[in-house]
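Scroll down for the structure; my scribbles are underneath it.
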Amino acid sequence: MYKKLFSLVMGILLVLMFNGTALASEPRIANQQEAIEAARKLLPDIVKDYQLVADYQEDDYRGVGIWYLRADRPLSNGRYMHFSIELNASNGSLISYYCHDQEENTGGQQVIDREQAQEIAYNFIRKVQPGVISQLKLNENNSSNYYLGSGLNLGYNFHWSRVVNGIPVREDGITVAVDGISAKITNFNFNWNNNVTFPAPGDKLIKPEELTNLVADKLGLYPTYINESNNNVNQTAKLVYKINSNTYFFDAVTGKPVDYNGSSKEFSEAKLYKQTFVPEIGGRAITAESQSSQTLTIEKGQSIAEEFFKKLGYTGKVVRSGGGSESGPGYRIDYWSYRIEASDGEISSADRDVSISIDSSSGRIGQFNIWPRGSIGKSENAISYEQARNTAEKFVQKELGITYPVILQESNNQINESEPYTFSFVRLYNGVPCDWSSIYVGIDRYSGKLVNFHSRALPVSIPKLDSIISPDEADKLFRENQSFELSYTYTRDKNYRPTGNAQLVYNYNNFGSGIDAVNGKLLSRENVNDNLAPFENHWAQGPLRILAENGQLPVKDFDPDNKINRRDSLRILTSLSRYYNEGIQNLNFNDVQPNDKDIQIFKRAVDMGIIENQGDLRPEDSLTREQLAVWLVHCVGYKEMANLPLKIEVPFSDIPMDHPYRNHIAIANAMGIFVGDKDGLFNPQQQVSWAELATVVTRVAPRISQQRYF
């Protein structure tokens, strides 16, 4: 009897134990309805009565369960408002929020300044993550538009770093974006790892000046071209000196380079290039690669594909299999794809799909792929890294027919036992490597055959090289400007997940930028808005600051009441859309030369329908109010309406019935983009100032920032 009772009691205890474990591991928000209710309670002004969809998922990176909620609703302008919310399933706190509201603004709204936006962002953090406020430090660098050239940013971005022992944690913190017109939160992201050990700094840390000298001695600097962009279409290359490595983190005690997962390596392993580069002074200017107006014939494309497959030893019927494109600010290249068809009409032999992509205008081979990517040889006979490298170099130099010299990037090459050998080459222009004009090559480690390559186009123009500072001068500047900051970073496993340990590192503040090789100035992505003007006392303060933070104003102390010319006006208007120019290749203006510095801006303006591709552009002339009204109406897609054979009512006494742009002015006024003066006059011939353009642009931008032009 006792044994039976004991067994029964133990059984009950085991059941309770297992149930208790299960309940403990279940999220506090246990189902979709609870998740939706939690979101409505946390963000009532945002969620409102929208129909939410909720899904649960385990977030391996954060190590928590996440409820992901989203909603879409149609807007009056024919587009959709979309927002998404992520909640921590264990405590209901907000992890992320994103709202993409394309509802048209009616104009006349005030633009808030950065200080007002910062207060809105901070108050939002206090509401949704009050427990971490004391551990936050605002990143004082103005990062409103980290990548200038991605389209006009109408908002302000802020980042608060997590601070432990007075030291920032690189991966942890809170990012908030505030719309400058509506004053609404548009983006929130919370990264915070509570399951990590932070070591105390101690007294064995290497000093920043010692690390600077160590890096200069062991890695050194090298000249390279970077992409200098001040808007989303006009792209030129700038020659800079950078650290000769893709590693910008260094152990705070030993000074050794630290890779992405927190492992230290020798300086020799971290070097990007083994060679020394000598720029060719007087080297010629080089034009960016882009789609020409000429297109290959179908027969020519087929012939190029067949010949290339034959060179690589592949036989069979070559068929066209679609296409694609490569695009970026100011350029677009269309590709035709071809593959080898097996005898049964399915895929090529050995159950592998062999394909290439060809530039549809030049015939250049852009890509080659074999799918799937697994080994195509026998596993017992692996070739060496050196053998694979020789094969890759031979392919790049002989088979691709690259017209510029190429060089291998040493630290960008991957050697994983289960994957092909991969190599990264870059082109040399005027003796200088262009790191983003690269060629990636994959070689099977067992058969030694090519399994893939991707040859990227040169997306920017390279100016003629007249004079630069010497390597010794660059080295001196680097040593004098100590740009290393102490911070915590997480060690990570092979899947890039935090291991639970943090380490102290020095990170290079100016990573990715460097020293201007022409004037010797220190560059930094974090300081792209140094030209921000205050405008505290100007009537157009808010709109002007928006343009200033986007790098659209000429100089720090310019007069906003000066008249703006047509060139600068088009530069700003073309920044309103985030999509790239895809159609216009040749301009037909009588007064624009092919080498005009803003040629891509003018192409984009034609592509967006702002201006007609004919006649005189007169880029240096002042812009009148009636001309601006016409451009804006075309910009928002109402050109056909404005050209209808009817006369739209206008409230301005100086716009007669026979005015050629009466309908354009009426539409601009109806949308709230343009208003008249106190006497009810529009003043069509009045010249537009920078301040007036800034005001009009902030009114119209929400209508067209996501509009695509064909």
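Under our numbering, the residues of the sequence shown are numbered 746 to 1455, in order.
The beta carbon of each residue, even a glycine, is placed where N, CA and C say it ideally should be.
Values in this document were obtained by computation on a predicted structure and should not be read as measured data.
Span of the alpha helix (DSSP H), counted from its first residue to its last, around residue i
i	result
A783	Q777 to L787
E860	R859 to V873
Y1130	Y1130 to K1139
R1407	R1407 to A1415
M1386	K1384 to A1387
N958	P953 to K963
V1351	I1344 to D1352
Buried versus exposed call for residue i [16 or more other C-beta atoms within 10 Å across all chains shown]
i	result
F1303	exposed
R1065	exposed
S838	buried
S1100	buried
V1441	buried
E1437	buried
Q1345	buried
K1342	exposed
E1155	buried
G1287	buried
V798	exposed
R1448	buried
W1284	exposed
I988	buried
L1391	exposed
A862	buried
D917	buried
K1019	exposed
G1069	exposed
M1402	exposed
K1001	buried
N833	buried
G911	exposed
E1052	exposed
S1105	buried
Where the beta strand (DSSP E) through residue i begins and ends
i	result
Y1166	Y1166 to Y1174
D1098	D1098 to D1104
Y901	G900 to V909
E1151	According to the sequence as given, residue 1151 is Val; it is not Glu. It spans V1151 to L1153 - the beta strand (DSSP E) in which V1151 sits, taken as one unbroken run.
L883	L881 to L883
CA-to-CA distance, residue j to residue i, given in whole angstroms
i	j	result
D1352	V1250	48 Å
F1022	Y970	12 Å
V985	I1213	9 Å
G1265	A1015	25 Å
I930	P944	35 Å
A1262	S1314	31 Å
V873	Q778	20 Å
N976	S1320	The predicted position of N976 is uncertain, since its pLDDT is 46 and thus under 50; a value taken from the coordinates is nonetheless stated next. Each residue's alpha carbon lies about 7 Å from the other.
G1259	I857	33 Å
K1194	K1139	12 Å
Y925	Q1297	The amino acid occupying residue 925 in the given sequence is Gly; Tyr does not appear at that position. Answer to the nearest angstrom: the Cα atoms are 16 Å apart.
T1136	E1025	29 Å
I1103	R818	41 Å
D1238	V921	29 Å
D1098	F1113	11 Å
R807	N938	7 Å
G810	A780	12 Å
G1027	P1178	16 Å
I1152	F903	39 Å
Sheet register partners of residue i (DSSP bridge)
i	result
N932	Y843 and A922
Q1432	T1369
H1199	Q1112 and Y1185
T969	V985
D1422	Answer is none; D1422 lacks a bridge partner.
G810	E803
K744	Because the chain here runs from 746 to 1455, residue 744 falls outside it and cannot be looked at.
I830	L814 and Y842
F995	P1002 and Y1251
V705	Beyond the ends of the chain as shown, which are 746 and 1455, falls residue 705; an answer cannot be given.
S1476	No answer is possible for residue 1476: the residues shown for the chain start at 746 and end at 1455.
N1310	S1367
V914	R907 and Y1233
E1086	K1062
T942	N1246
Any chance you could list the beta strand (DSSP E) runs of at least 3 consecutive residues sitting entirely within the segment 1206–1293, in chain order?
1229–1237, 1243–1253 and 1259–1261
Which runs of the alpha helix (DSSP H), 4 residues or longer, sit entirely within the segment 1025–1083?
1043–1056
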